[in-house]
Amino acid sequence: MVIYNVLQRTRDPVKELGANESYAATVIPYDTALRIGLSWAAGRLRSAGLRPYLCERTRGMALVGMRSLSAIEVINESVYLKLVRCKPLEEVGEGRPGPS
(Lines of atoms letter the chains of each structure in order from A and count residues from 1; the text may use other names and numbers.)
(Lines give C-alpha, C1' and ligand atoms only; values in the text may rest on other atoms or scores of the structure.)
Protein backbone atom coordinates (compact mmCIF):
# COMPACT_ATOMS: atom_id res chain seq x y z
CA MET A 1 0.00 0.00 0.00
CA VAL A 2 2.88 2.35 0.74
CA ILE A 3 4.36 1.95 -2.76
CA TYR A 4 0.89 2.47 -4.25
CA ASN A 5 0.55 5.79 -2.39
CA VAL A 6 4.07 6.85 -3.34
CA LEU A 7 3.42 6.08 -7.02
CA GLN A 8 0.18 8.06 -6.91
CA ARG A 9 2.15 11.15 -5.95
CA THR A 10 5.19 10.50 -8.16
CA ARG A 11 6.31 13.49 -10.21
CA ASP A 12 9.07 13.93 -12.77
CA PRO A 13 12.24 14.01 -10.63
CA VAL A 14 14.21 15.87 -13.28
CA LYS A 15 11.66 18.69 -13.62
CA GLU A 16 10.45 18.84 -10.01
CA LEU A 17 13.72 18.33 -8.16
CA GLY A 18 16.30 19.24 -10.77
CA ALA A 19 17.74 15.71 -10.52
CA ASN A 20 20.38 14.57 -12.98
CA GLU A 21 18.90 12.13 -15.52
CA SER A 22 21.66 9.66 -14.67
CA TYR A 23 20.38 9.46 -11.08
CA ALA A 24 16.62 9.48 -11.68
CA ALA A 25 15.23 6.01 -11.00
CA THR A 26 12.46 4.26 -9.08
CA VAL A 27 12.83 0.57 -8.20
CA ILE A 28 9.75 -1.51 -7.34
CA PRO A 29 9.95 -5.23 -6.53
CA TYR A 30 8.20 -7.14 -9.33
CA ASP A 31 5.81 -9.03 -7.04
CA THR A 32 4.72 -5.72 -5.50
CA ALA A 33 4.19 -4.22 -8.96
CA LEU A 34 2.01 -7.23 -9.84
CA ARG A 35 -0.07 -6.81 -6.67
CA ILE A 36 -0.79 -3.14 -7.28
CA GLY A 37 -1.18 -3.64 -11.03
CA LEU A 38 1.79 -3.79 -13.38
CA SER A 39 0.10 -1.68 -16.07
CA TRP A 40 -0.97 0.92 -13.52
CA ALA A 41 2.52 1.09 -11.94
CA ALA A 42 4.16 1.37 -15.37
CA GLY A 43 1.69 4.11 -16.31
CA ARG A 44 2.54 6.09 -13.17
CA LEU A 45 6.25 5.79 -13.97
CA ARG A 46 5.59 7.00 -17.53
CA SER A 47 3.55 9.95 -16.25
CA ALA A 48 6.56 10.92 -14.13
CA GLY A 49 8.76 10.96 -17.23
CA LEU A 50 10.43 7.63 -16.42
CA ARG A 51 10.58 4.72 -18.86
CA PRO A 52 9.61 1.39 -17.25
CA TYR A 53 12.12 -1.45 -17.50
CA LEU A 54 11.91 -5.00 -16.23
CA CYS A 55 15.24 -5.91 -14.62
CA GLU A 56 16.70 -8.97 -13.01
CA ARG A 57 18.32 -8.18 -9.70
CA THR A 58 20.14 -9.99 -6.93
CA ARG A 59 16.86 -11.02 -5.29
CA GLY A 60 14.29 -11.56 -8.03
CA MET A 61 12.84 -9.19 -10.61
CA ALA A 62 12.07 -5.48 -10.36
CA LEU A 63 10.09 -2.88 -12.26
CA VAL A 64 12.48 0.05 -12.65
CA GLY A 65 11.56 3.50 -13.94
CA MET A 66 14.54 5.35 -15.44
CA ARG A 67 15.17 8.32 -17.68
CA SER A 68 18.52 6.96 -18.80
CA LEU A 69 20.08 3.49 -18.81
CA SER A 70 23.17 5.05 -17.24
CA ALA A 71 21.14 5.15 -14.00
CA ILE A 72 21.77 1.39 -13.72
CA GLU A 73 25.48 2.01 -13.18
CA VAL A 74 24.76 4.56 -10.46
CA ILE A 75 22.25 2.24 -8.76
CA ASN A 76 24.64 -0.70 -8.89
CA GLU A 77 27.42 1.38 -7.31
CA SER A 78 25.30 2.62 -4.41
CA VAL A 79 22.64 -0.03 -3.74
CA TYR A 80 23.29 -3.64 -2.74
CA LEU A 81 20.62 -5.04 -5.11
CA LYS A 82 22.45 -5.17 -8.42
CA LEU A 83 20.33 -4.67 -11.55
CA VAL A 84 21.21 -6.80 -14.56
CA ARG A 85 19.60 -7.58 -17.90
CA CYS A 86 17.18 -4.66 -18.01
CA LYS A 87 14.72 -4.57 -20.91
CA PRO A 88 12.06 -1.98 -21.69
CA LEU A 89 8.69 -3.19 -20.41
CA GLU A 90 7.19 -2.70 -23.90
CA GLU A 91 9.70 -5.25 -25.22
CA VAL A 92 9.00 -7.80 -22.52
CA GLY A 93 5.24 -7.28 -22.35
CA GLU A 94 3.21 -6.64 -19.24
CA GLY A 95 2.58 -10.30 -18.40
CA ARG A 96 4.76 -12.55 -16.30
CA PRO A 97 8.35 -12.64 -17.55
CA GLY A 98 9.33 -15.86 -19.26
CA PRO A 99 12.69 -17.59 -19.29
CA SER A 100 15.48 -15.69 -21.03
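Take 40 as the starting number for the sequence shown in the working numbering and just add one per residue. Backbone N, C-alpha and C fix where the C-beta goes; we use that ideal spot for every residue, glycine too.
| query | Does DSSP classify residue 104 as helix, strand or coil? | reply | Correct three-state label for residue 104: strand.
| message | Below 8 Å, how does it come out for the segment 110-117 and the segment 73-86: are there three or more Cβ pairs, yes or no? | response | They do not touch, by the three-pair rule.
| query | Taking residue 68 as the reference, which of 130, 105 and 94 has the closest Cα? | reply | For residue 68, the nearest C-alpha among the options comes from 94.
| request: Leaving aside the five residues before and after residue 131 along the sequence, list all residues of the same chain whose C-beta is less than 8 Å from its C-beta, in chain order. | output: Cβ neighbours of residue 131 within its own chain (closer than 8 Å, five residues either side excluded): 93.
| Expressed to the nearest angstrom, what Euclidean distance is found between the alpha-carbon atoms of residue 104 and residue 112? | Answer to the nearest angstrom: the Cα atoms are 14 Å apart.
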